[in-house]
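**Q** Read top to bottom, the protein sequences are chains L and X. Numbers 1 to 290, taken from UniProt numbering, label the letters of the first sequence in order. Numbers 1 to 360, taken from UniProt numbering, label the letters of the second sequence in order. Mind having a look at this structure? Questions to follow.
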Amino acid sequence: MANLTTESRPVRYVLTAVALVFLFLFLLLPLIGVFWEALHKGWQLYLTALVEPEAWSAIKLTLISAAIAVPLNLVFGVSAAWAIARFDFRGKSLLTTLIDLPFAVSPVVAGLMFILLFGANTAAGGWLQDHGLQVIFAVPGIVLATVFVTFPFVARELIPLMQSQGADEEQAAIVLGASGWQTFRKVTLPNIKWGLLYGVILTNARAMGEFGAVSVVSGHIRGETNTIPLHVEILYNEYNFVGAFACASLLALLALVTLLVKSLVEWHLHRQQHASTLRTAEARLQAAQP
Amino acid sequence: MSIEIRNIRKQFGQFTALDNVSLDIAAGELLALLGPSGCGKTTLLRIIAGLEKPDAGQVLFGGADATHTHVAERQVGFVFQHYALFRHMTVFDNVAFGLSVKPRRERPSAEEIRERVMKLLKMVQLDWLADAYPGQLSGGQRQRIALARSLAVEPKVLLLDEPFGALDAKVRKDLRRWLRELHNDMHITSVFVTHDQEEALEVSDRVVVMDHGHIEQVGRPDDIYEHPATPFVTQFLGDVNLFHGRVDAGQLTIGSYEQALGQHQDADGDAAVAYVRPHDLDLTLQADGALAQGRVEHIHAVGPVVRVELQQADGQTIEAAVSKERFRALGIVPGDTVYVTPRKLAVFLKDAAGQQDYVI
Chain L
1 MANLTTESRP VRYVLTAVAL VFLFLFLLLP LIGVFWEALH KGWQLYLTAL
51 VEPEAWSAIK LTLISAAIAV PLNLVFGVSA AWAIARFDFR GKSLLTTLID
101 LPFAVSPVVA GLMFILLFGA NTAAGGWLQD HGLQVIFAVP GIVLATVFVT
151 FPFVARELIP LMQSQGADEE QAAIVLGASG WQTFRKVTLP NIKWGLLYGV
201 ILTNARAMGE FGAVSVVSGH IRGETNTIPL HVEILYNEYN FVGAFACASL
251 LALLALVTLL VKSLVEWHLH RQQHASTLRT AEARLQAAQP
Chain X
1 MSIEIRNIRK QFGQFTALDN VSLDIAAGEL LALLGPSGCG KTTLLRIIAG
51 LEKPDAGQVL FGGADATHTH VAERQVGFVF QHYALFRHMT VFDNVAFGLS
101 VKPRRERPSA EEIRERVMKL LKMVQLDWLA DAYPGQLSGG QRQRIALARS
151 LAVEPKVLLL DEPFGALDAK VRKDLRRWLR ELHNDMHITS VFVTHDQEEA
201 LEVSDRVVVM DHGHIEQVGR PDDIYEHPAT PFVTQFLGDV NLFHGRVDAG
251 QLTIGSYEQA LGQHQDADGD AAVAYVRPHD LDLTLQADGA LAQGRVEHIH
301 AVGPVVRVEL QQADGQTIEA AVSKERFRAL GIVPGDTVYV TPRKLAVFLK
351 DAAGQQDYVI
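In structure tokens form, the structure reads like this:
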């Protein structure tokens with residue numbers, strides 16, 4: 001039966017092999033390479049490379065900017081998706097286009113924009129500096145650049161999802177007497193949680209891995225304004241391969257952990273659904289018996 | 001609770017969905033809003049629910065102005081066309097939703113909620129599905145769960161948007177009867193929207209026929225069917241044959257056919273259209289006193305009624321429905337020429353602007 005609708009056996013094998021080889025060459029091999037480079041001179045050197053003050057400061061700065069950018073873009077992304085998917089208003093298409101702007105602009109250009117806006121020689125930057133806040137070549141600039149480049153991920157993920165689901169369930173909840181917040185918490189959020197989780201994972205990955213925009217506004221002050229990706233580049237240019245790959249492996253590890261978390265949650269949900277299907281089938285059988 | 005709708009207007013951009021619509025719905029009534037798509041019936045339903053705001057006019061619930069009452073406070077039950085069940089909740093949680101979101105001081109205890117939900121699920125005969133998710137249910141089951149969910153909060157008014165629209169013919173018929181019985185038991189003021197005239201005529205106490213944002217006619221199903229007030233209603237309620245002629249002082253003339261009407265006494269040679277339903281046409285083999293003649297094109301002899309399609313000389317088609325016995329007595333076959341006489345016709349004068357023929 002299956003043979004009628006699928007390709008013949010050799011074709012299937014060839015296609016599968018091509019996919020697997022491609023996956024191995026372009027995903028698995030580089031990943032193994034990173035860990036092998038980082039670890040092949042021993043654990044001791046690996047750990048030392050991670051805890052030395054400059055690396056440690058880069059790790060902290062990366063975590064801080066991600067910790068600010070992710071919640072900010074989570075709130076923004078949900079509100080923007082909600083507004084675009086549920087309401088009609090003047091300037092809606094402009095907003096939709098603007099959300100995509102960070103994807104369209106090269107990260108380096110994005111960084112330069114912030115220098116033009118907040119550099120020491122500009123009006124805004126000068127005023128802020130007089131009031132004790134340095135933006136460019138300091139942590140605020142790095143956070144700003146990170147927020148900017150990760151801006152579209154959550155909204156992009158949610159808008160098509162919410163548009164396809166429609167507003168019916170939310171309207172049903174409101175007719176049944178639920179408040180706006182109850183509707184959001186009990187109906188909207190559960191329906192978008194997978195898209196939302198995916199958007200957050202992408203935002204987080206990009207926030208931690210962003211190089212271009214952050215590189216422009218950072219100024220590369222060691223121990224102060226270096227994030228992990230910038231630190232990796234500096235070490236690499238200094239031929240400190242173990243140090244560079246140790247930090248790189250940390251980023252790769254973070255990616256692997258987020259993927260693992262996602263799979264675990266999915267697996268758990270799938271099990272719940274399956275249990276309910278079984279219970280329903282049993283109930284059906286019982287109802288069918290006199 | 002009674003509902004009064006006063007001079008409601010609603011515009012979507014350039015499109016007028018409702019144009020000065022007024023309607024009284026008695027307490028405990030089961031009312032159908034019937035019309036083709038785009039006639040404004042769903043918009044009217046959503047305005048009654050509070051899901052849509054009218055541009056002008058008022059909605060009164062039990063005599064009190066509810067135009068600006070928020071949806072959540074109107075105490076209406078609304079069954080959506082595609083049910084809008086909460087897909088991530090079990091059937092039980094779906095039905096319990098309206099009770100569990102009440103403020104703490106009004107909310108029944110968990111035990112009470114459980115009891116009420118199970119009672120409702122028993123009423124819709126689906127208590128054994130309490131644990132299932134909506135994705136596991138059939139269309140008819142979803143419909144009944146949606147109904148149970150809307151009834152859980154004991155609404156004063158029940159509103160249903162195309163309640164049987166997405167179901168197959170057999171389930172549709174069963175649910176129709178079931179809804180009618182449910183309404184007889186509960187006597188809750190109910191309004192449902194449909195584009196299916198059979199459904200509206202069979203289920204409701206009264207039918208409101210709408211077109212282009214206007215109410216064309218309101219009345220009991222048999223009244224509307226027997227005495228359609230406008231050409232649109234005549235055409236929308238079922239298949240109909242058109243004959244063009246003139247009326248002079250209550251006398252209808254179509255070709256050589258003449259008949260005295262009980263109406264249009266002051267007509268003065270006005271152009272008129274006579275509408276005749278297929279089952280109000282009799283077939284004969286005599287030319288005397290016939291309304292028209294035609295050649296038999298098709299004969300559909302399935303079921304208790306035989307439908308005969310005739311082609312007139314000018315290419316117009318006439319459809320007649322006769323009983324099997326009559327058909328056998330006539331002994332006609334395709335190609336024969338037969339004559340039709342009307343048992344009953346609805347005659348409307350073409351007004352000065354030229355009454356357009358509605359296309360459905």
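In this text, a Cβ means the ideal position worked out from N, Cα and C, and glycines have one as well.
1. I need the boundaries of the alpha helix (DSSP H) containing Lys-53(X), first residue and last residue.
2. Go ahead and label Arg-105(X) buried or exposed: buried means 16 or more other beta carbons lie within 10 angstroms of its beta carbon, across all protein chains shown.
3. Using a Cβ-Cβ cut-off of 9 Å, state whether Lys-102(X) counts as contacting chain L.
4. Considering only the alpha carbon of each residue, which of Pro-53(L), Ile-84(L), Ile-64(L) lies closest to Val-143(L)?
5. How close, in whole Å, do the beta carbons of Gly-245(X) and Thr-253(X) come, if the pair is a contact with beta carbons under 8 Å?
6. DSSP has Asp-268(X) in a bridge; who is on the other side?
7. At a CB-CB cut-off below 7 Å, which residues of chain X make contact with residue 312(L)?
8. Which of helix, strand or coil does DSSP assign to His-227(X)?
9. Quick one: using the 10 Å Cβ neighbour count with 16 as the cut-off for buried, is Lys-186(L) buried or exposed?
10. Any chance you could list the beta strand (DSSP E) runs of at least 3 consecutive residues sitting entirely within the region 142 to 218 of chain X, in chain order?
11. Whole-angstrom Cβ separation of Ala-213(L) and Val-108(L), contact assumed at under 8 Å?
12. Can you check which of these residues, Ser-276(L), Ala-252(L), Glu-266(L), His-270(L), is closest to Val-34(L) by C-alpha distance?
13. Tell me, which residues are paired with Tyr-339(X) by DSSP?
14. Should Val-340(X) and Leu-283(X) be called a contact, given that it needs their Cβ atoms to be closer than 9 Å?
15. Is the distance from the Cβ of Lys-324(X) to the Cβ of His-195(X) below 9 Å?
16. For chain X, find out if any of its Cβ atoms is closer than 9 Å to the Cβ of Gly-91(L); answer yes or no.
17. Please classify Asn-73(L): is it buried, with 16 or more other beta-carbons within 10 angstroms of its beta-carbon, or exposed?
18. The alpha helix (DSSP H) with Phe-80(X) in it runs from where to where?
19. Within the same chain, show all residues whose beta-carbon is closer than 7 Å to that of Trp-194(L), passing over the 5 residues directly before and after it, in chain order.
20. Among residues of its own chain, excluding the 5 on either side of Ile-25(X), which ones have a beta-carbon nearer than 8 Å to its beta-carbon?
21. Around the C-beta of Ile-332(X), are 16 or more other C-beta atoms found within 10 angstroms, so that it is buried, or is it exposed?
22. When burial is assigned at 16 or more other CB atoms within 10 Å of the CB, is Thr-280(L) buried or exposed?
23. For chain L, check one thing: does any of its Cβ atoms lie closer than 9 Å to the Cβ of Glu-154(X)?
24. Would you mind sorting Leu-144(X) into buried or exposed? The rule is 16 or more other CB atoms within 10 Å of its CB.
25. Between the region 176 to 192 of chain L and chain X, which residues of the former have a C-beta closer than 8 Å to a C-beta of the latter?
26. Give a yes or no on contact between the region 79 to 92 of chain X and the region 198 to 216 of chain L, applying the rule of three or more CB pairs nearer than 8 Å.
27. Is there a C-beta anywhere in chain X that falls below 9 Å from the one on Gln-273(L)?
28. The region 226 to 258 of chain X: which residues have C-beta closer than 7 Å to a C-beta of chain L, in chain order?
29. Going by the CB atoms, is the gap between Leu-23(X) and Leu-44(X) shorter than 9 Å?
30. Using DSSP with H/G/I as helix, E/B as strand and the rest coil, what is Ser-323(X)?
31. Compute the Euclidean distance between the alpha carbons of Asp-19(X) and Pro-228(X), then round it to the nearest angstrom.
32. Taking the straight line between their C-alpha atoms, what separation do you get for His-274(L) and Ala-132(X)?
33. Note down the Cα distance separating Ala-19(L) from Ala-255(L), rounded to an integer number of angstroms.
34. Using a Cβ-Cβ distance cut-off of 9 Å, determine whether Ala-49(X) contacts chain L.
35. Glu-54(L) to Ala-104(L), Cα distance in whole Å?
36. I'd like the list of long-range same chain contacts for Gln-355(X), defined as Cβ closer than 8 Å, with 5 residues on each side in sequence excluded.
**A** With the structure as the only source:
1. The sequence position of residue 53(X) within the second sequence is 53, counting from 1. No alpha helix (DSSP H) contains Lys-53(X), which DSSP labels as neither H nor E.
2. As a position in the second sequence, residue 105(X) is number 105, starting the count at 1. When all chains shown are included, Arg-105(X) counts as exposed.
3. Numbered from 1 along the second sequence, position 102 holds the residue referred to as residue 102(X). Yes, because at least one Cβ of chain L sits closer than 9 Å to the Cβ of Lys-102(X).
4. Counted from its first residue, the first sequence places residue 143(L) at position 143. Here the closest residue by C-alpha is Ile-64(L).
5. The count along the second sequence starts at 1 and reaches residue 245(X) at position 245. The count along the second sequence starts at 1 and reaches residue 253(X) at position 253. Contact holds; Cβ gap of about 5 Å.
6. As a first step, residue 268(X) must be located in the second sequence, where it is residue number 268. DSSP lists Asp-248(X) as partners of Asp-268(X).
7. No answer is possible for residue 312(L): the residues shown for chain L start at 1 and end at 290.
8. For the purposes of this step, residue 227(X) is taken as residue 227 along the second sequence, with counting starting at 1. Residue state, collapsed to three classes: coil.
9. By 1-based counting over the first sequence, the position of residue 186(L) is 186. Burial call: buried.
10. 157 to 161, 189 to 194, 206 to 211
11. Numbered from its first residue, the first sequence carries residue 213(L) at position 213. Numbered from its first residue, the first sequence carries residue 108(L) at position 108. Contact holds; Cβ gap of about 7 Å.
12. Here residue 34(L) refers to the residue found at position 34 of the first sequence. Residue Ala-252(L) is the option with its Cα nearest to Val-34(L).
13. Against the second sequence, residue 339(X) aligns to sequence position 339. DSSP, once it has assigned bridges, lists Thr-284(X), Gln-293(X) as partnering Tyr-339(X).
14. Counted from its first residue, the second sequence places residue 340(X) at position 340. Counted from its first residue, the second sequence places residue 283(X) at position 283. With respect to the 9 Å criterion, Val-340(X) and Leu-283(X) are classified as neighbours on the basis of their beta carbons.
15. Walking along the second sequence from the start, residue 324(X) turns up at place 324. Walking along the second sequence from the start, residue 195(X) turns up at place 195. In this structure, Lys-324(X) keeps its C-beta atom at 9 Å or more from the C-beta atom of His-195(X).
16. Position 91 of the first sequence, counted from the first residue, corresponds to residue 91(L). Not an interface residue.
17. One-based indexing of the first sequence puts residue 73(L) at position 73. Label assigned to Asn-73(L): buried.
18. Along the second sequence, one-based indexing puts residue 80(X) at 80. Premise fails: Phe-80(X) is in no alpha helix (DSSP H) and is neither H nor E.
19. Sequence index remark: in the first sequence, residue 194(L) carries index 194 (1-based). The answer is none, since no qualifying residue turns up.
20. On the second sequence, residue 25(X) is found 25 positions in, with the first residue counted as 1. Counting only Cβ-Cβ distances below 8 Å, and skipping sequence neighbours, we find Ser-2, Ile-3, Glu-4, Ile-5, Leu-31, Thr-189, Val-191.
21. The residue you call residue 332(X) lines up with position 332 of the second sequence. Buried, since its Cβ has 16 or more Cβ neighbours within 10 Å.
22. For the purposes of this step, residue 280(L) is identified with residue 280 of the first sequence, where counting begins at 1. Buried, by the Cβ-count rule.
23. Here residue 154(X) refers to the residue found at position 154 of the second sequence. By this cut-off, Glu-154(X) is not an interface position.
24. Indexing the second sequence from 1 puts residue 144(X) at position 144. The amino acid occupying residue 144(X) in the given sequence is Arg; Leu does not appear at that position. It is buried - the Cβ of Arg-144(X) has at least 16 other Cβ atoms within 10 Å.
25. Leu-176, Gly-177, Ala-178, Ser-179, Gln-182, Lys-186, Val-187, Pro-190, Asn-191
26. no
27. For the purposes of this step, residue 273(L) is taken as residue 273 along the first sequence, with counting starting at 1. Judged by the 9 Å Cβ criterion, Gln-273(L) is in contact with chain X.
28. none
29. For the purposes of this step, residue 44(X) is taken as the residue at position 44 of the second sequence. For the purposes of this step, residue 23(X) is taken as the residue at position 23 of the second sequence. The answer is yes: Cβ separation under 9 Å.
30. Here residue 323(X) is taken as the residue at index 323 of the second sequence, counted from 1. The answer is strand: DSSP assigns Ser-323(X) an E or B state.
31. Here residue 19(X) is taken as the residue at index 19 of the second sequence, counted from 1. Here residue 228(X) is taken as the residue at index 228 of the second sequence, counted from 1. In a straight line, the C-alpha of Asp-19(X) is about 21 Å away from that of Pro-228(X).
32. On the first sequence, residue 274(L) is found 274 positions in, with the first residue counted as 1. On the second sequence, residue 132(X) is found 132 positions in, with the first residue counted as 1. Approximately 11 Å, taken between the alpha carbons.
33. For the purposes of this step, residue 19(L) is identified with residue 19 of the first sequence, where counting begins at 1. For the purposes of this step, residue 255(L) is identified with residue 255 of the first sequence, where counting begins at 1. Going from the Cα of Ala-19(L) to the Cα of Ala-255(L) covers about 22 Å.
34. Sequence index remark: in the second sequence, residue 49(X) carries index 49 (1-based). Taking Cβ atoms only, chain L reaches closer than 9 Å to Ala-49(X), which makes this a yes.
35. For the purposes of this step, residue 54(L) is taken as the residue at position 54 of the first sequence. For the purposes of this step, residue 104(L) is taken as the residue at position 104 of the first sequence. Whole-angstrom Cα-Cα distance: 33 Å.
36. One-based indexing of the second sequence puts residue 355(X) at position 355. Any reading at Gln-355(X) needs caution, since the residue's pLDDT is 48, under 50, leaving its predicted position unreliable; the model's value is listed next. Excluding sequence neighbours, Gln-355(X) sits near Pro-231, Val-273, Phe-348, Leu-349.
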